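In this text, residue positions in the sequence shown follow my numbering: the first is 2, and each later residue adds one.
Built from N, CA and C at the ideal position, the CB exists for glycine as well.
This one's a predicted model, so the numbers in the text were calculated from it and none came from an experiment.
Here the structure is laid out as structure tokens; the discussion comes afterwards.
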Amino acid sequence: MRVRILVVTALVCGVAIAGCSRAPEPVPLPAPAVPVPVPTEDGLAPFYEQAIEWRDCGDAECARIDVPLDYLNLDGRTTELSLTRVPAADEPIGALFVNPGGPGGSAFDYARAADYIVSPSIRDAFDIIGVDPRGVAGSDPIRCWSDT
Numbered sequence: 002m003r004v005r006i007l008v009v010t011a012l013v014c015g016v017a018i019a020g021c022s023r024a025p026e027p028v029p030l031p032a033p034a035v036p037v038p039v040p041t042e043d044g045l046a047p048f049y050e051q052a053i054e055w056r057d058c059g060d061a062e063c064a065r066i067d068v069p070l071d072y073l074n075l076d077g078r079t080t081e082l083s084l085t086r087v088p089a090a091d092e093p094i095g096a097l098f099v100n101p102g103g104p105g106g107s108a109f110d111y112a113r114a115a116d117y118i119v120s121p122s123i124r125d126a127f128d129i130i131g132v133d134p135r136g137v138a139g140s141d142p143i144r145c146w147s148d149t
């Protein structure tokens with residue numbers, strides 16, 4: 002009997018103490034993000050405006066694009082990157098770029114495995130595009146030049 006009285010007393014005291022504590026102050030929500038325009042350098046315009054010529058690659062489409070080898074020297078050498086596009090099952094509402102991570106992972110096979118990496122609703126609505134980084138798979142290999 003004494004144990005019951007002690008347990009009931011402890012519970013009553015616990016509830017009373019909990020009821021006396023304050024709830025945390027509400028935290029104001031952050032302001033919504035506002036898009037910030039990204040300035041474009043005139044030197045990058047030829048790269049941004051290049052026409053991508055997609056060709057049949059079996060169960061996907063493939064293309065190559067030129068990019069600066071050195072973004073601090075936009076008039077210098079360029080290199081080519083390999084792109085793979087798996088068209089949306091329905092009319093696309095946009096494109097989803099995928100990257101398998103790395104180092105050394107090819108986006109070619111990763112994009113072609115879209116059925117296994119994205120949900121059917123995403124697969125139906127978006128073109129899935131993979132870009133092989135410099136020196137990986139279908140992109141130009143990395144070449145080292147001598148300083149002499």
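ask   = Bridge partners of GLU62, per DSSP?
value = ASP57, ARG86
inquiry  = Here's a check: name, in chain order, each residue in its chain whose Cβ is nearer than 7 Å to the Cβ of THR149, leaving out the five neighbours to either side.
reply    = At THR149, the pLDDT of 48 sits below 50, so the modelled position is not reliable and the matter cannot be decided from this model.
Reduced DSSP secondary structure (H/G/I, E/B, other) of THR149 = Any reading at THR149 must be qualified, since the residue scores a pLDDT of 48, below 50, and its modelled position is unreliable; the value itself is stated next. Note: THR149 maps to coil in three-state DSSP.
query = Is ASP133 closer than 8 Å to VAL87 when the C-beta atoms are compared?
reply = No; because the gap between Cβ atoms is not below 8 Å, this pair is not in contact.
message = Classify LEU45: buried if its beta carbon has 16 or more other beta carbons within 10 angstroms, exposed otherwise.
response = exposed
message = What residue range does the beta strand (DSSP E) around ILE123 cover?
response = Here ILE123 belongs to no beta strand (DSSP E); instead the alpha helix (DSSP H) covers 121 to 126.
message = Please report the distance separating the alpha-carbon of VAL119 from that of ASP125.
response = 10 Å
key: Contacts around THR80, its chain only, beta-carbon distance under 7 Å, and the 5 residues preceding and following it disregarded   = VAL68, LEU70, ARG135, ASP141
message = With a threshold of 7 Å on Cβ separation, who are the neighbours of ARG113 within its own chain once the five nearest residues in sequence on each side are excluded?
response = ASP60, ALA61, THR85, VAL87
ask   = Which class does PRO104 belong to by DSSP, given the choice of helix, strand or coil?
value = In the structure shown, PRO104 sits in coil (DSSP, three-state: anything other than H, G, I, E or B).
Beta-bridge pairing of GLU81 - partner residues as DSSP gives them = ASP67
request  = Counting only the same chain and skipping the five closest in sequence on each side, list residues whose C-beta sits under 8 Å from that of ILE94.
outcome  = ALA126, PHE127
ask   = For LEU73, which three-state DSSP category applies?
value = coil
query = Where does the unbroken beta strand (DSSP E) through ALA96 begin, and where does it stop?
reply = Counting along the chain, the beta strand (DSSP E) containing ALA96 begins and ends at 95 to 99.
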